[in-house]
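Protein chains in written order, with UniProt numbering: chain A, 1 to 325; chain B, 1 to 325. All remarks here apply to the structure that follows.
Number of protein chains: 2
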Amino acid sequence: MTKVLITGGGGFIGQKLARRLAADGSLRGRQITAMTLIDLAEPKAPEAPFPVRTLAADISDASAVAQAYEGGQDVIFHLAAVVSGAAEADFDLGMRVNLDGTLNIFQAARRQGDSPVLVYSSSCAVHGGEAPDPVTDGVELNPQTSYGTQKAIGELLLNDMSRKGFLDGRGLRLPTISIRPGRPNAAASSFMSSIFREPLQGEPANCPVSRDYPVWHLPPRMIVEHLLHAATIDGADFGPNRNINLPGRTDTVGEMVDAMTRVAGPEPAKLITWNADPVIEKIVMGWRQRLLPEKAVRLGFRAPDSFEDSVRWFLEDDHRDVAQS
Amino acid sequence: MTKVLITGGGGFIGQKLARRLAADGSLRGRQITAMTLIDLAEPKAPEAPFPVRTLAADISDASAVAQAYEGGQDVIFHLAAVVSGAAEADFDLGMRVNLDGTLNIFQAARRQGDSPVLVYSSSCAVHGGEAPDPVTDGVELNPQTSYGTQKAIGELLLNDMSRKGFLDGRGLRLPTISIRPGRPNAAASSFMSSIFREPLQGEPANCPVSRDYPVWHLPPRMIVEHLLHAATIDGADFGPNRNINLPGRTDTVGEMVDAMTRVAGPEPAKLITWNADPVIEKIVMGWRQRLLPEKAVRLGFRAPDSFEDSVRWFLEDDHRDVAQS
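Okay, structure coming up:
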């Protein structure tokens, strides 16, 4: 008997995770008896063998968060966030959602008094500035964006509140998700999906960085796997730091385009234009794209074998023809 | 023409800093034209060649902070905090003062629109957990106390708000201050001063850890020097990370007692009792007491030569006989 809450439940990861949990019917070896999805706009509920509640709620509103916790939650996946480009453009918005909102989610978990499992989606955007290249475990977080800063603050709160026994936190620094389905968004990393997604669906896309720009990436299927694995393993196994660099894979944009061509033929790559965008370049150059996540590998998180798989999985899971069928 | 604000202005460092600025009459090569001291209880105003305003204010109250900024501030020393033992005992109090209060101070500086210099007192308590021993620059902050967590969050905010040009931040991770004047307080590190201060004034004191416990320490005179140096150097010299490990000195409690004996004779050491306190031990064992602060040394911050100096300076500056004269 376990109840699950997903914030950002209307996002593509939230939706994939919800569908997967509905298909599994259980989590941590226990039958799921209820699931709550919250997002700014009311999320779509998946077909499920248990009741699914959907709420339109702003996590920066503590009373809306209290409503999402009504009846108690056993496992919380906190995915909701204002993305990097938007948090950079509007500092106060990022602070309100990514800091105040995250604290609302954590405090509501604490208020339950039973230390629920809380999986927190942090980001590799916490790395930058004076961090070495490659980034090893134990490197000081020196984010060069407000988004990365707010995610790093959430990590510190998650760790301290786990130490205090208020919640049982597990923080994952997600690599760039590629190939992300849907439409381009305000994330500075949006192009890292759109230059594959749009051409694979017959549409043009622009790449604002050069072919030799490296990307630290992970496909949506493995993100969902990692979130479930994080919820399942013993929180104490994380040790004194509940936040980890998640495995991913580094390929240059050019190598990823070549992988797409090997899977889908030469036509998609012809739809990519290569016009530099200095604003995007400045943000993404501040990130780290090579990481050595040894602790996460010890904890059983695995790295992807190739970007070809990511292209195949996009075609299987998220291509317009599949998604609309 | 420069105006100075000191939060925690009633504390012993705030008072020493205020007296020093009053004696200097200038900061960053400019004449001081006004100084504001705020603290929970109205701070004592030093004799000064410029007007000194004193305010009783809780920094977690944004309107009180706005009052402290009235007329504009050019250099802010943010020293106010709930100390480690108190923040550990009362999580919400620590969050309110050390996180919300710090954010109020930073946001008020931002609201000025002229990016004032802001010196932030962080703490070596940000280090612990998975951090290596000794702590080098660039090590992930993994605090094992709520105080250290809240200080680390302040650092991230300081850095991001400096990057955005909202303020010109300089964050200093202060070593344990020894010999701190006054009375024992709720800091878990309180004994690191009291076992010298009380015996040097003819009173008994208990040491809750063993003689071989190492302490990363700095005397009050050098703390004031470091705060002034931090305010004076160019903010850009800090690079992408505005927060630094400050130089200090590692001696075991036993070595420090021996140094006291060399300066003040054998009597004070006889007034120390050695009854272990597991609660204090658990907190201070989570800290790091050996650091290699290379960046700070490059920036011109210097390490103390001996603990003997600290004992001498206590006798000159803070001994009851001096303080009451």
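Just so it is clear, CB atoms sit at the ideal spot from N, CA and C, and this is done for glycine as well.
{"Check": "What is the residue span of the alpha helix (DSSP H) that Gln15/B lies within?", "Outcome": "12–24"}
{"Check": "Determine, for Ser115/A, whether the minimum Cβ-Cβ distance to residues of chain B falls below 9 Å.", "Outcome": "no"}
{"Check": "Does DSSP classify Phe50/A as helix, strand or coil?", "Outcome": "coil"}
{"Check": "From the DSSP secondary-structure annotation, give me the bridge partner or partners of Ser122/A.", "Outcome": "Arg173/A"}
{"Check": "Note the first and the last residue of the continuous beta strand (DSSP E) segment covering Trp216/A.", "Outcome": "214–218"}
{"Check": "At which residues does the alpha helix (DSSP H) containing Asp133/B begin and terminate?", "Outcome": "Neither: Asp133/B is in no alpha helix (DSSP H) and is coded neither H nor E."}
{"Check": "Quick one: give me the first and last residue of the beta strand (DSSP E) that Lys3/B is part of.", "Outcome": "2–7"}
{"Check": "With DSSP run on the structure shown, which of helix, strand or coil describes Arg312/A?", "Outcome": "helix"}
{"Check": "Are the Cβ atoms of Ser121/B and Leu227/B separated by less than 9 Å?", "Outcome": "yes"}
{"Check": "Whose C-beta lies closer than 7 Å to the C-beta of Val322/A among residues of the same chain, with five residues either side of it excluded?", "Outcome": "Glu316"}
{"Check": "Verify whether the separation of the beta carbon atoms of residue 348/A and Leu291/A is less than 9 Å.", "Outcome": "In this structure chain A extends from 1 to 325, so residue 348/A is not present and cannot be described."}
{"Check": "How about the stretch 153–161 of chain B and the stretch 237–244 of chain B: do they share at least three Cβ pairs that are nearer than 8 Å?", "Outcome": "yes"}
{"Check": "Should the stretch 307–314 of chain A be regarded as contacting the stretch 167–176 of chain A, the criterion being three or more beta carbon pairs within less than 8 Å?", "Outcome": "no"}
{"Check": "Out of Ala45/A, Ile283/A, Ala87/A, Asn104/A, which has the shortest C-alpha to C-alpha gap to Ala66/A?", "Outcome": "Asn104/A"}
{"Check": "Do three or more CB pairs link the stretch 12–25 of chain B to the stretch 282–290 of chain A at distances below 8 Å?", "Outcome": "no"}
{"Check": "DSSP beta-bridge partners for Thr250/B?", "Outcome": "Trp216/B"}
{"Check": "Counting contacts by CB-CB distance shorter than 9 Å, is Ile153/B in contact with chain A?", "Outcome": "yes"}
{"Check": "Is the beta carbon of Thr145/B sitting closer than 9 Å to the one on Ser84/B?", "Outcome": "yes"}
{"Check": "According to DSSP, is Ile59/A part of a helix, a strand, or is it coil?", "Outcome": "coil"}
{"Check": "When you check each C-beta in the stretch 226–248 of chain A against every C-beta of chain B, which residues fall closer than 7 Å?", "Outcome": "Gly239, Pro240, Asn241"}
{"Check": "Hey, could you find the ends of the alpha helix (DSSP H) Ile280/A is sitting in?", "Outcome": "278–285"}
{"Check": "Roughly how many angstroms separate the alpha carbons of Met256/A and Pro220/A, rounded to a whole number?", "Outcome": "16 Å"}
{"Check": "Does the stretch 89–99 of chain B come close enough to the stretch 109–120 of chain B that 3 or more CB-CB pairs lie under 8 Å?", "Outcome": "no"}
{"Check": "Classify Lys165/B: buried if its beta carbon has 16 or more other beta carbons within 10 angstroms, exposed otherwise.", "Outcome": "The sequence as given places Gly at residue 165/B; Lys does not occur at that position. Exposed, since its Cβ has fewer than 16 Cβ neighbours within 10 Å."}
{"Check": "For Gly29/A, is the classification buried or exposed, using 16 other Cβ atoms within 10 angstroms of its Cβ as the cut-off for buried?", "Outcome": "exposed"}
{"Check": "Quick check: the Cα distance between Leu200/B and Val279/B, rounded to an integer number of angstroms?", "Outcome": "26 Å"}
{"Check": "Reducing DSSP to helix, strand and coil, say where Val82/A ends up.", "Outcome": "coil"}
{"Check": "Quick one: Cα of Thr149/A to Cα of Glu294/A, how far?", "Outcome": "23 Å"}
{"Check": "Listing by chain order, which chain A residues have their CB less than 7 Å from the CB of Val139/B?", "Outcome": "Gly138, Glu140"}
{"Check": "Between the beta-carbon of Glu42/B and the beta-carbon of Ala56/B, is there less than 9 Å?", "Outcome": "yes"}
{"Check": "Just to make sure I have the definition right: I need the residues of chain A whose C-beta is within less than 8 Å of the C-beta of Gly169/B. Which are they?", "Outcome": "Near Gly169/B there are no residues of chain A at all, since even the closest Cβ is about 12 Å away, more than 8 Å."}
{"Check": "Of all Cβ atoms in chain B, is any one closer than 9 Å to the Cβ of Glu130/A?", "Outcome": "yes"}
{"Check": "Pairing CB atoms from the stretch 189–196 of chain A with CB atoms from the stretch 228–238 of chain A, are three or more of them under 8 Å?", "Outcome": "no"}
{"Check": "Straight-line CA distance for Gly254/A to Val209/A?", "Outcome": "10 Å"}
{"Check": "For Arg163/B, return the contacting residues in chain A, with the cut-off set at a CB-CB distance below 8 Å.", "Outcome": "Gln144"}
{"Check": "Would you give the residue range spanned by the alpha helix (DSSP H) that Thr33/A belongs to?", "Outcome": "Premise fails: Thr33/A lies in the beta strand (DSSP E), 30–39, not in any alpha helix (DSSP H)."}
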